[in-house]
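Novice: What follows is a single structure, and I will ask about it in a moment.
Number of protein chains: 2
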Amino acid sequence: MITVEEAELIILAQLKDYGTETVPFELAPGRVLAEAIEADRDLPPYNRVIMDGIAIAYKAIEQGISTFKIKITQAAGEQPIDINDANECIEIMTGAALSASVDTIIRYEDLEIENGTARLLITDIKQGQNIHQKGKDKKQGDIVAAANQYVTPAIISLAASVGKAHLLVKKWPKVMIISSGDELVDVADSPSDYQIRKSNNYTIKAVLKQHGLNADMLHIPDDPEITKQQLQNCLQSYDVILLSGGISMGKFDYIPQALEELQVKKLFHKVQQRPGKPFWFGRHDNGALVFAFPGNPVATFMCLHRYFLLWLDAVLGLPAKAHVYAQLAHDFIFTPPLKYFLQVKLNFTKQGILSAQPVEGNGSGDFANLADTDAFMELPLERNEFKAGEVFKIRLFKSV
Amino acid sequence: MITVEEAELIILAQLKDYGTETVPFELAPGRVLAEAIEADRDLPPYNRVIMDGIAIAYKAIEQGISTFKIKITQAAGEQPIDINDANECIEIMTGAALSASVDTIIRYEDLEIENGTARLLITDIKQGQNIHQKGKDKKQGDIVAAANQYVTPAIISLAASVGKAHLLVKKWPKVMIISSGDELVDVADSPSDYQIRKSNNYTIKAVLKQHGLNADMLHIPDDPEITKQQLQNCLQSYDVILLSGGISMGKFDYIPQALEELQVKKLFHKVQQRPGKPFWFGRHDNGALVFAFPGNPVATFMCLHRYFLLWLDAVLGLPAKAHVYAQLAHDFIFTPPLKYFLQVKLNFTKQGILSAQPVEGNGSGDFANLADTDAFMELPLERNEFKAGEVFKIRLFKSV
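These protein sequence lines are chains A and B, in that order. For the first sequence, counting from 1, position 314 maps to 314 in UniProt numbering; every step adds exactly one. For the second sequence, counting from 1, position 98 maps to 98 in UniProt numbering; every step adds exactly one.
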């Protein structure tokens with residue numbers, strides 16, 4: 001049996017470039033940038049007025065001028081208009097581009113305008129005030145967003161500003177989620193007294209969708225021939241197969257045998273952890289990966305976050321996420337020689353501390369509590385007692 | 001000028017029920033539940049085997065029996081099979097339902113099976129072991145997920161388990177995002193030296209989409225008649241209009257006049273904050289709300305998160321989010337009599353503390369830095385100096 005850290009290393013050694021594609025920038029949020037975005041011109045691209053008012057040449061102030069003849073009104077989007085004399089001003093609107101003949105904006109609030117003349121109501125005027133200077137944020141050619149990060153709304157804004165109507169993004173690996181077992185019926189069906197409904201596959205799909213990935217789903221019945229045929233098809237058509245359950249010593253688990261016959265090489269089976277000890281991971285000769293999660297819902301959920309999403313970030317070229325640490329809110333004991341993934345509910349204290357309250361479940365098969373949980377806290381393998389106030393790493397999962 | 005807290009109260013007084021709709025549960029992630037989900041039967045619905053092995057009656061152990069005749073093999077999903085004698089066992093698979101005649105599971109690892117007989121390799125056996133007891137997680141009729149919360153992957157799992165193939169969820173309000181101004185050109189276009197591209201509208205759309213809401217977009221040119229006509233249409237067809245820019249004292253801002261003519265009542269204009277001081281909020285007689293954010297991108301982003309998303313949570317019936325607190329990483333001075341929304345980058349220290357590093361921007365119009373920012377820290381209005389180590393509220397925004 002290997003440790004969590006060993007399992008992670010083995011999985012992260014199975015990286016592959018799934019390529020890139022170009023998408024309209026509006027569809028890019030949540031994708032991973034495969035190119036750097038550069039400024040096509042300075043940002044701002046011109047000396048930009050940030051208050052409605054008048055534009056003057058500051059030398060007029062130095063000359064003691066306090067009354068200005070309004071030459072014309074210039075709206076945002078209009079060609080900049082020059083003044084010819086320090087006595088003149090341009091009535092000018094927020095967003096407008098300044099001509100080189102003016103360099104200072106006096107806002108309406110500080111003016112009295114009458115008969116085409118603006119009179120200053122204040123004397124404290126700074127050269128260049130109320131102007132967002134050309135190139136102050138970025139210079140033409142500067143990188144405004146680096147590659148290998150998620151396209152956020154902020155990056156959408158930058159892409160729009162620099163005219164990147166299309167963005168090169170990473171392709172998702174093609175993922176198939178497989179459920180198996182004749183004890184599972186469809187959600188809309190009524191199970192008999194000894195059956196249950198499919199659920200893990202929908203949970204996995206929903207988690208992947210949170211991360212932008214649309215996976216397919218397939219149910220395989222307990223039949224050796226069908227199992228082998230379906231797995232073979234999937235290994236040819238998908239980059240990753242996520243299984244939940246079906247990899248055990250059970251007599252009707254035809255999946256392990258089929259995987260072996262189909263040349264899927266086991267890279268590990270069983271990890272020193274709870275939940276999820278029977279986690280199996282393998283690789284087909286063609287590169288397709290098989291993550292076979294234990295069937296219990298909490299184990300599947302944990303392994304999906306702890307291993308598959310970590311792998312997904314890595315293949316997408318995202319930098320490893322910074323670790324998140326939280327304080328255990330009360331003492332906890334766990335004696336088996338396994339790394340325990342404790343379900344916790346988080347809150348931020350007024351001291352700025354992230355506090356983690358263990359959520360007591362009925363063992364790893366109890367999914368009902370997971371809805372009240374924000375993260376798994378990783379309790380070190382080599383210890384059995386964990387004290388309130390101690391700090392451990394946590395793995396957050398997304399609520400929405 | 002009102003305070004941030006006053007603005008929040010005025011906005012949160014404008015709540016309305018936008019109704020509910022029924023959606024297939026697979027499409028429900030990210031929606032807000034409008035009904036409680038109940039267990040249609042006990043969870044688990046039967047005494048469920050959690051390890052492959054044999055099922056025995058514990059009284060056999062008390063009688064000193066250690067060798068069992070395998071009566072039959074029972075797969076998951078098969079009708080439970082009784083034993084007739086304490087010497088018998090059922091070879092049984094994970095997920096199977098136990099008959100009332102057996103109450104204890106011995107896993108394969110602790111057995112030797114030969115010629116249809118299973119011999120125990122261990123003596124330490126507990127009655128009921130390796131069984132997930134019927135009803136242990138939830139009883140039939142128990143609420144497994146309360147109304148008025150986001151549908152998470154965990155809730156998808158619960159919905160699937162209890163057969164809720166359709167879920168009643170809250171309807172989104174209909175939202176129109178309006179940009180205006182002839183200085184704005186389309187993203188794919190080349191702006192002249194005094195024009196810029198539209199971007200705020202795309203940013204708003206991307207943020208709303210992160211929260212599951214699909215908003216429409218419209219650009220209004222600088223023309224008083226068109227402005228009025230378009231706004232009138234929007235006020236009839238949408239619940240909320242989000243404007244970015246166009247509400248100032250500028251001569252070519254036809255929006256304020258049009259709103260007034262269209263009976264949109266101003267509820268406030270200007271908030272004691274930076275960025276976003278010129279934020280305008282109003283309400284049409286028919287109930288439609290107008291959030292008019294200042295045109296600068298950071299102000300729009302901040303107001304959208306601080307006010308609109310807060311309002312959205314409230315109309316959807318979500319409980320107010322718990323406050324998040326972070327420690328300021330270094331001293332910061334801000335003297336204007338405004339509440340400052342400081343852009344910060346967050347990290348979790350190994351002490352479990354959430355530390356907030358100010359991201360120095362070039363003023364509120366600089367969007368380039370927002371891509372490096374995780375949250376706004378709210379620095380109290382009544383103070384000017386903020387010391388490293390002090391803790392203040394932050395508003396996180398989503399990365400993806």
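From the three backbone atoms N, C-alpha and C, an ideal C-beta is built for every residue, glycine too.
Please decide whether B/P80 counts as near chain A, where near means a Cβ-Cβ distance under 8 Å.
Specialist: Residue numbering aside, residue 80 of chain B sits at position 80 when the second sequence is read from its first letter. Yes, contact with chain A.
Novice: Taking C-beta pairs closer than 7 Å, name the residues in chain A that B/K209 reaches, listed in chain order.
Specialist: Your numbering for residue 209 of chain B matches position 209 in the second sequence. Those are P29, listed as they occur along chain A.
Novice: Find the nearest neighbour of A/A36 within the set A/N87, A/L98, A/Y150 and A/I196, judged by alpha-carbon distance.
Specialist: One-based indexing of the first sequence puts residue 36 of chain A at position 36. For A/A36, the nearest C-alpha among the options comes from A/Y150.
Novice: What are the uninterrupted segments assigned as beta strand (DSSP E) that are 3 or more residues long and contained completely in the stretch 286-340 of chain A, given in chain order?
Specialist: Correct list: 289-293 and 324-328.
Novice: Are the beta-carbon atoms belonging to A/E385 and A/F341 less than 8 Å from one another?
Specialist: Here the question's residue 385 of chain A lines up with position 385 in the first sequence. Here the question's residue 341 of chain A lines up with position 341 in the first sequence. In this structure, A/F341 does not lie closer than 8 Å to A/E385 by Cβ.
Novice: What first and last residue would you give for the beta strand (DSSP E) that runs through A/K71?
Specialist: Mapped onto the first sequence, residue 71 of chain A falls at position 71. Element bounds for A/K71: T67 to Q74.
Novice: Counting only beta-carbon separations shorter than 8 Å, does B/I56 have a partner in chain A?
Specialist: Position 56 of the second sequence, counted from the start, is the residue given in the question as residue 56 of chain B. Answer no: the Cβ-Cβ gap between B/I56 and chain A never drops below 8 Å.
Novice: Would you list the one or two residues that DSSP bridges to B/T20?
Specialist: What you label residue 20 of chain B is simply residue 20 of the second sequence in a count that begins at 1. B/K170, per the DSSP bridge assignment.
Novice: Taking Cβ positions, are B/E390 and B/L328 nearer each other than 8 Å?
Specialist: Numbered from 1 along the second sequence, position 390 holds the residue referred to as residue 390 of chain B. Numbered from 1 along the second sequence, position 328 holds the residue referred to as residue 328 of chain B. Yes, these two residues count as a Cβ contact at 8 Å.
Novice: Using a Cβ-Cβ cut-off of 8 Å, state whether A/P297 counts as contacting chain B.
Specialist: As a first step, residue 297 of chain A must be located in the first sequence, where it is residue number 297. For A/P297, the answer is yes, since a Cβ of chain B falls inside 8 Å of its Cβ.
Novice: Which same chain residues end up closer than 6 Å to A/R274 when comparing Cβ atoms and leaving out the 5 residues on each side of it in sequence?
Specialist: Looking up residue 274 of chain A in the first sequence gives position 274. Closer than 6 Å at the Cβ level, and outside the excluded window around A/R274, lie L338 and Y340.
Novice: What residue ranges within the stretch 119-152 of chain B form continuous beta strand (DSSP E) runs of no fewer than 3 residues, ordered along the chain?
Specialist: Whole beta strand (DSSP E) segments, 3+ residues: 143-145.
Novice: Tell me the residue span of the beta strand (DSSP E) that contains A/P358.
Specialist: For the purposes of this step, residue 358 of chain A is taken as the residue at position 358 of the first sequence. L354 to P358 is the extent of the beta strand (DSSP E) around A/P358.
Novice: Please list, in chain order, the chain A residues whose beta carbon lies closer than 8 Å to that of B/K321.
Specialist: Looking up residue 321 of chain B in the second sequence gives position 321. In chain order: nothing, as chain A lies at least about 10 Å away.
Novice: Mind listing the chain A neighbours of B/G276? Cutoff is C-beta to C-beta under 7 Å, in chain order.
Specialist: Position 276 of the second sequence, counting from 1, holds the residue named residue 276 of chain B. Neighbours of B/G276 on chain A: none; closest Cβ ~13 Å, over 7 Å.
Novice: Measure the C-alpha to C-alpha separation of B/L120 and A/K266 and round it to an integer number of angstroms.
Specialist: Numbered from 1 along the second sequence, position 120 holds the residue referred to as residue 120 of chain B. Numbered from 1 along the first sequence, position 266 holds the residue referred to as residue 266 of chain A. About 30 Å.
Novice: Compare the C-beta of A/E114 with all C-beta atoms of chain B and state if any pair is closer than 8 Å.
Specialist: Here residue 114 of chain A refers to the residue found at position 114 when the first sequence is read from its first residue. Closer than 8 Å: no.
Novice: Could you tell me if B/P173 is buried or exposed, where buried requires 16 or more neighbouring beta carbons within 10 angstroms of its beta carbon?
Specialist: Counting from one through the second sequence, the residue named residue 173 of chain B turns up at place 173. By the 10 Å Cβ count, B/P173 comes out buried.
Novice: Would you list, in chain order, the members of the stretch 172-201 of chain B that have their beta-carbon closer than 9 Å to a beta-carbon of chain A?
Specialist: Under the 9 Å Cβ criterion, the stretch 172-201 of chain B contributes G181, D182, E183, L184, V185, D186, V187, A188, D189, S190, P191, S192, D193, Y194, Q195, I196, R197, K198, S199, N200 and N201.
Novice: Using 8 Å as the Cβ pair cut-off and three pairs as the minimum, do the stretch 12-29 of chain A and the stretch 148-165 of chain A touch?
Specialist: With a cut-off of 8 Å, the stretch 148-165 of chain A and the stretch 12-29 of chain A count as touching, because enough Cβ pairs lie within range.
Novice: Kindly indicate the opening and closing residues of the alpha helix (DSSP H) around B/A7.
Specialist: Position 7 of the second sequence, counted from the start, is the residue given in the question as residue 7 of chain B. Run containing B/A7: V4 to L12, per the alpha helix (DSSP H) assignment.
Novice: Work out the CA separation of A/L208 and A/K398 for me, nearest whole Å.
Specialist: For the purposes of this step, residue 398 of chain A is taken as the residue at position 398 of the first sequence. For the purposes of this step, residue 208 of chain A is taken as the residue at position 208 of the first sequence. Roughly 11 Å separates the two Cα atoms.
Novice: State the Cα-Cα distance for the pair B/G128 and A/R197, rounded to the nearest angstrom.
Specialist: Against the second sequence, residue 128 of chain B aligns to sequence position 128. Against the first sequence, residue 197 of chain A aligns to sequence position 197. Using only the alpha carbons, I get a separation of about 24 Å.
Novice: Could you tell me the alpha carbon to alpha carbon distance between B/A39 and B/T373, rounded to whole angstroms?
Specialist: To locate residue 39 of chain B, count along the second sequence from 1; it is residue 39. To locate residue 373 of chain B, count along the second sequence from 1; it is residue 373. Cα to Cα, the separation comes out at about 42 Å.
Novice: Give the C-beta separation of B/A97 and A/D193 to the nearest angstrom, bearing in mind that I take them to be a contact with Cβ-Cβ under 8 Å.
Specialist: Translated into positions along the second sequence, residue 97 of chain B becomes position 97. Translated into positions along the first sequence, residue 193 of chain A becomes position 193. Right, their Cβ atoms sit about 7 Å apart.
Novice: Rounding to the nearest angstrom, what Cα-Cα distance links A/I125 and A/I81 in this structure?
Specialist: Here residue 125 of chain A refers to the residue found at position 125 when the first sequence is read from its first residue. Here residue 81 of chain A refers to the residue found at position 81 when the first sequence is read from its first residue. A/I125 and A/I81: Cα-Cα distance of roughly 22 Å.
Novice: Three-state secondary structure (DSSP) at B/E88?
Specialist: The residue labelled residue 88 of chain B in the question sits at position 88 within the second sequence. Note: B/E88 maps to strand in three-state DSSP.
Novice: Are at least three pairs of beta-carbons, each pair with one atom in the stretch 127-145 of chain B and one in the stretch 12-22 of chain B, less than 8 Å apart?
Specialist: No: fewer than three Cβ pairs fall under 8 Å.
Novice: Work out the CA separation of A/A206 and A/Y307 for me, nearest whole Å.
Specialist: Counting from one through the first sequence, the residue named residue 307 of chain A turns up at place 307. Counting from one through the first sequence, the residue named residue 206 of chain A turns up at place 206. About 16 Å.
Novice: Since A/I220 and A/Q230 should fall inside the 8 Å C-beta cutoff, what is the C-beta to C-beta distance between them, to a whole number of angstroms?
Specialist: Residue mapping note: residue 220 of chain A aligns to position 220 of the first sequence, counting from 1. Residue mapping note: residue 230 of chain A aligns to position 230 of the first sequence, counting from 1. About 5 Å; that satisfies the 8 Å criterion.
Novice: Measure the alpha-carbon distance for B/A34 versus B/A147 and round it to whole angstroms.
Specialist: Position 34 of the second sequence, counting from 1, holds the residue named residue 34 of chain B. Position 147 of the second sequence, counting from 1, holds the residue named residue 147 of chain B. Their backbone Cα atoms lie some 5 Å apart in a straight line.
Novice: What's the gap between the Cα of B/A322 and the Cα of A/K393?
Specialist: Here residue 322 of chain B corresponds to residue number 322 of the second sequence, with the count starting at 1. Here residue 393 of chain A corresponds to residue number 393 of the first sequence, with the count starting at 1. C-alpha separation (whole angstroms): 22 Å.
Novice: What's the call for A/P224, buried or exposed, on a 16-neighbour Cβ count within 10 Å?
Specialist: Here residue 224 of chain A refers to the residue found at position 224 of the first sequence. Looking at its Cβ environment, which holds fewer than 16 other Cβ atoms inside 10 Å, A/P224 is exposed.
Novice: Could you pull the start and end residues of the alpha helix (DSSP H) that B/A36 belongs to?
Specialist: One-based indexing of the second sequence puts residue 36 of chain B at position 36. Note, B/A36: premise wrong, no alpha helix (DSSP H); not H, not E.
Novice: Taking the straight line between their C-alpha atoms, what separation do you get for A/P336 and B/I106?
Specialist: Counting from 1 along the first sequence, the entry for residue 336 of chain A is found at position 336. Counting from 1 along the second sequence, the entry for residue 106 of chain B is found at position 106. Spanning the two alpha carbons is a distance of roughly 19 Å.
Novice: Report yes if the CB atom of A/I92 is closer than 8 Å to the CB atom of A/A55, and no otherwise.
Specialist: As a position in the first sequence, residue 92 of chain A is number 92, starting the count at 1. As a position in the first sequence, residue 55 of chain A is number 55, starting the count at 1. Yes.
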